[in-house]
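S.K.: Please read through the structure below; I'll follow up with questions.
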């Protein structure tokens with residue numbers, strides 16, 4: 001930030017110097033008011049080499065004899081034109097510096113907003129883990145209370161049996177052959193440690209799937225047209241009037257309300273599902289990474305499916321980069337819509353065009369398969 005302030009000061013100093021120089025010439029351009037201090041003649045000429053007004057006698061003197069001189073009015077006019085040119089150039093430089101400074105300020109705000117979103121997402125995970133911890137400790141305490149109550153009851157029962165046996169021993173000391181039976185051992189008195197600790201991390205992670213979502217493709221806000229508003233989780237794009245200024249970076253779309261996925265593909269097979277919400281103005285597909293985001297020629301390198309007469313609700317886009325295919329499927333009816341073939345040679349990015357209703361990327365289903373491996377000895 002100090003660098004831009006220094007540059008701005010330099011630009012303004014240069015402008016002030018040029019203005020002072022022009023004023024110096026203009027103040028001496030009226031020969032009826034200013035006379036030469038050496039010859040008492042009117043200052044009608046201006047020495048271009050010494051940059052000072054001179055009289056006719058000065059022009060013929062040794063000091064200025066071989067110097068280029070011109071009428072002082074012409075010098076004033078030339079200096080005004082030079083000052084005007086310098087002023088325009090300096091104003092352009094100042095405007096460019098202010099635009100760069102504004103971009104830096106907006107980038108800082110963008111970083112702060114992203115940091116705040118990250119903290120909010122991790123706070124949700126932290127809160128979930130705290131709730132899981134509290135629930136499991138509560139379950140342990142509940143079992144501990146149940147077992148403690150059972151132990152107290154059994155101890156009371158055994159105290160009664162001990163007292164009864166003591167009476168029998170005193171009364172039947174002579175009948176030694178009759179020995180009392182051993183007290184019955186109590187089962188299930190210990191804490192069920194296995195229930196609370198067995199695969200604890202896995203069980204917690206399994207419960208976390210209820211609040212976690214995985215979206216194969218998320219949107220890149222740095223490419224979004226200024227009229228496209230993205231959701232905080234970067235999965236929904238909606239066309240709205242622009243409410244804030246965004247940096248005019250090279251990656252951002254300028255003409256069409258488009259946005260790219262955050263990750264490009266240059267090999268393999270990739271699939272993502274999109275809810276177009278029955279909108280009448282949308283397009284889905286892929287675009288070359290090298291394609292310019294500015295101007296109306298952006299669609300020259302886009303392989304996409306546009307809205308047709310049939311209204312669609314959910315569409316699957318499948319990219320087979322190696323085989324050069326982009327396939328579109330109606331998720332509601334599982335019917336094939338269209339397939340585009342092309343030999344891809346560089347990285348392509350998912351692209352979404354949205355003009356009316358919001359367009360949302362759908363989360364993928366998460367499943368876990370546990371395999372039991374047997375060892376033969």
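Numbering (UniProt numbering), first residue to last: 1 to 377.
Ideal placement from N, C-alpha and C gives every residue a C-beta, glycine not left out.
Remember, it's a predicted structure, so these values are computed and weren't measured experimentally.
1. Note down the Cα distance separating residue 158 from residue 164, rounded to an integer number of angstroms.
2. In the DSSP assignment, what are the bridge partners of residue 260?
3. Residues in its own chain within less than 7 angstroms of residue 140 by CB, not counting five upstream and five downstream?
4. Between which two residues does the alpha helix (DSSP H) harbouring residue 196 extend?
5. My output table needs one value for residue 46: the three-state DSSP class, helix, strand or coil.
6. Quick check: residue 106 and residue 247, are their CB atoms within less than 8 angstroms of each other?
7. For residue 284 and residue 304, which I take to be in contact (beta-carbon distance under 8 angstroms), what is that distance rounded to the nearest angstrom?
8. If we call anything under 8 angstroms between Cβ atoms a contact, is residue 348 one with residue 328?
9. State whether the region 341 to 355 contacts the region 200 to 214, with contact taken as three or more CB pairs (one from each stretch) at a distance under 8 angstroms.
10. With 16 other CB atoms within 10 Å as the buried threshold, where does residue 29 fall?
11. Evaluate residue 109 with the Cβ neighbour count: other Cβ atoms within 10 Å of its Cβ, from every protein chain shown; 16 or more gives buried, anything less gives exposed.
12. In terms of residues, what are the limits of the beta strand (DSSP E) holding residue 335?
13. Helix, strand or coil: which one does DSSP assign to residue 297?
14. Going by beta carbon distance, what residues of the same chain come within less than 8 angstroms of residue 39, once the five residues before and after it are set aside?
15. Using 8 angstroms as the cut-off, can you tell me whether the region 318 to 332 makes contact with the region 236 to 250, which would need three or more C-beta pairs spanning the two stretches below that distance?
16. Are residue 254 and residue 293 closer than 8 angstroms when you measure CB to CB?
17. Taking just the CA atoms, how far does residue 111 sit from residue 119?
18. Mind checking who residue 304 pairs with in its DSSP beta bridge?
19. To the nearest angstrom, how far is the alpha carbon of residue 87 from that of residue 96?
20. Taking the alpha carbon of residue 235 as the point to measure from, which residue in 34, 269, 209 and 217 has its own alpha carbon closest?
21. Would you identify the three-state DSSP class for residue 120, choosing helix, strand or coil?
22. Which residue's Cα is closest to the Cα of residue 415: 358, 74 and 162?
23. Report, in whole angstroms, the separation of the C-beta atoms of residue 274 and residue 317, which I expect to be a contact under 8 angstroms.
24. So, using beta-carbon positions, are residue 68 and residue 41 closer together than 8 angstroms?
25. Determine whether the beta carbon atoms of residue 414 and residue 324 lie at a separation below 8 angstroms.
26. Excluding the 5 residues flanking residue 143 on each side, which residues of the same chain have their C-beta closer than 7 angstroms to its C-beta?
27. In the DSSP output, which residue or residues are listed as bridge partners for residue 234?
28. What's the call for residue 51, buried or exposed, on a 16-neighbour Cβ count within 10 Å?
29. Starting from residue 203, trace the alpha helix (DSSP H) both ways and give me its first and last residue.
30. Report the partner residues of residue 52 according to the DSSP bridge assignment.
31. Would you please state the rounded distance, in angstroms, between the beta carbons of residue 237 and residue 219? I believe it to be under 8 angstroms.
32. Give the C-beta separation of residue 70 and residue 45 to the nearest angstrom, bearing in mind that I take them to be a contact with Cβ-Cβ under 8 angstroms.
33. Assuming residue 325 is part of the beta strand (DSSP E), what are its boundary residues?
34. Starting from residue 36, trace the beta strand (DSSP E) both ways and give me its first and last residue.
35. Quick check on the DSSP output: the beta strand (DSSP E) that includes residue 71 runs from which residue to which?
36. Let's see if you can read the secondary structure: which residues bound the beta strand (DSSP E) around residue 243?
M.R.: According to the data block:
1. Here residue 158 refers to the residue found at position 158 when the chain shown is read from its first residue. Here residue 164 refers to the residue found at position 164 when the chain shown is read from its first residue. Between the C-alpha atoms of residue 158 and residue 164 there is a straight-line separation of about 10 angstroms.
2. On the chain shown, position 260 is the one that residue 260 refers to. Under the DSSP definition of a beta bridge, residue 260 partners with 351.
3. Taking the chain shown and counting its residues from 1, one reaches residue 140 at position 140. Sequence-distant partners of residue 140 (beyond 5 residues in either direction) whose C-beta falls short of 7 angstroms from its own C-beta, in its chain, are 196.
4. Your numbering for residue 196 matches position 196 in the chain shown. Counting along the chain, the alpha helix (DSSP H) containing residue 196 begins and ends at 193 to 197.
5. Locating residue 46 in the chain shown gives position 46, counting from the first residue. Three-state DSSP puts residue 46 in a strand.
6. Locating residue 106 in the chain shown gives position 106, where the first residue counts as 1. Locating residue 247 in the chain shown gives position 247, where the first residue counts as 1. Yes, Cβ-Cβ distance for residue 106 and residue 247 is below 8 angstroms.
7. Position 284 of the chain shown, counted from the first residue, corresponds to residue 284. Position 304 of the chain shown, counted from the first residue, corresponds to residue 304. In this structure, residue 284 and residue 304 form a Cβ contact; the two beta carbons are roughly 6 angstroms apart against a cut-off of 8 angstroms.
8. To locate residue 348, count along the chain shown from 1; it is residue 348. To locate residue 328, count along the chain shown from 1; it is residue 328. In this structure, residue 328 does not lie closer than 8 angstroms to residue 348 by Cβ.
9. Too few Cβ pairs lie closer than 8 angstroms, so no.
10. As a working mapping, residue 29 is identified with position 29 in the chain shown. Any reading at residue 29 must be qualified, since the residue scores a pLDDT of 46, below 50, and its modelled position is unreliable; no value is offered.
11. In the chain shown, the residue the question calls residue 109 occupies position 109. That one is exposed.
12. Within the chain shown, numbered from 1, the residue matching residue 335 stands at position 335. In this chain, the beta strand (DSSP E) harbouring residue 335 covers 335 to 341.
13. Your numbering for residue 297 matches position 297 in the chain shown. For residue 297, the secondary structure class from DSSP, reduced to helix, strand or coil, is helix.
14. On the chain shown, position 39 is the one that residue 39 refers to. Same-chain partners within the cutoff: 55, 57 and 58.
15. The answer is no - the region 236 to 250 does not touch the region 318 to 332, with fewer than three Cβ pairs under 8 angstroms.
16. Along the chain shown, one-based indexing puts residue 254 at 254. Along the chain shown, one-based indexing puts residue 293 at 293. A contact, by the Cβ cut-off of 8 angstroms.
17. For this step, residue 119 is matched to residue 119 along the chain shown. For this step, residue 111 is matched to residue 111 along the chain shown. The C-alpha of residue 119 lies about 12 angstroms from the C-alpha of residue 111.
18. Position 304 of the chain shown holds residue 304. Partner(s): 285.
19. As a position in the chain shown, residue 87 is number 87, starting the count at 1. As a position in the chain shown, residue 96 is number 96, starting the count at 1. Note on geometry: alpha-carbon atoms of residue 87 and residue 96 lie some 14 angstroms from one another.
20. In the chain shown, the residue the question calls residue 235 occupies position 235. Proximity to residue 235 across 34, 269, 209 and 217 peaks at 217, based on C-alpha coordinates.
21. As a first step, residue 120 must be located in the chain shown, where it is residue number 120. Helix, per DSSP.
22. An answer regarding residue 415 cannot be provided, because it is not within the stretch 1 to 377 covered by the chain.
23. Translated into the one-based positions of the chain shown, residue 274 becomes position 274. Translated into the one-based positions of the chain shown, residue 317 becomes position 317. Yes, residue 274 and residue 317 are in contact; Cβ-Cβ is about 7 angstroms, under 8 angstroms.
24. Numbered from its first residue, the chain shown carries residue 68 at position 68. Numbered from its first residue, the chain shown carries residue 41 at position 41. No Cβ-Cβ contact shorter than 8 angstroms links residue 68 with residue 41.
25. Residue 414 lies beyond the stretch modelled for the chain, which goes from 1 to 377, so this question has no answer here.
26. Locating residue 143 in the chain shown gives position 143, where the first residue counts as 1. These residues qualify, in order along the chain: 191 and 192.
27. Stepping through the chain shown from its first residue, residue 234 is reached at position 234. Bridge partners of residue 234: none, in fact.
28. For the purposes of this step, residue 51 is taken as residue 51 along the chain shown, with counting starting at 1. Burial call: exposed.
29. Residue 203 sits at position 203 when you count from the first residue of the chain shown. Counting along the chain, the unbroken alpha helix (DSSP H) around residue 203 starts and ends at 200 to 208.
30. As a first step, residue 52 must be located in the chain shown, where it is residue number 52. For residue 52, which the question treats as bridged, DSSP gives the partners 47.
31. By 1-based counting over the chain shown, the position of residue 237 is 237. By 1-based counting over the chain shown, the position of residue 219 is 219. Confirmed, Cβ separation roughly 6 angstroms.
32. The residue you call residue 70 lines up with position 70 of the chain shown. The residue you call residue 45 lines up with position 45 of the chain shown. About 7 angstroms separates the two Cβ atoms, so the contact holds.
33. If you number the chain shown from 1, residue 325 lands on position 325. Boundaries of the beta strand (DSSP E) harbouring residue 325: 325 to 330, taken from the DSSP string.
34. What you label residue 36 is simply residue 36 of the chain shown in a count that begins at 1. Taken as a continuous stretch (DSSP letters only), residue 36 belongs to no beta strand (DSSP E), as it is neither H nor E.
35. To locate residue 71, count along the chain shown from 1; it is residue 71. Counting along the chain, the beta strand (DSSP E) containing residue 71 begins and ends at 69 to 71.
36. Along the chain shown, one-based indexing puts residue 243 at 243. If you look at residue 243, you'll find it isn't in any beta strand (DSSP E); DSSP assigns it neither H nor E.
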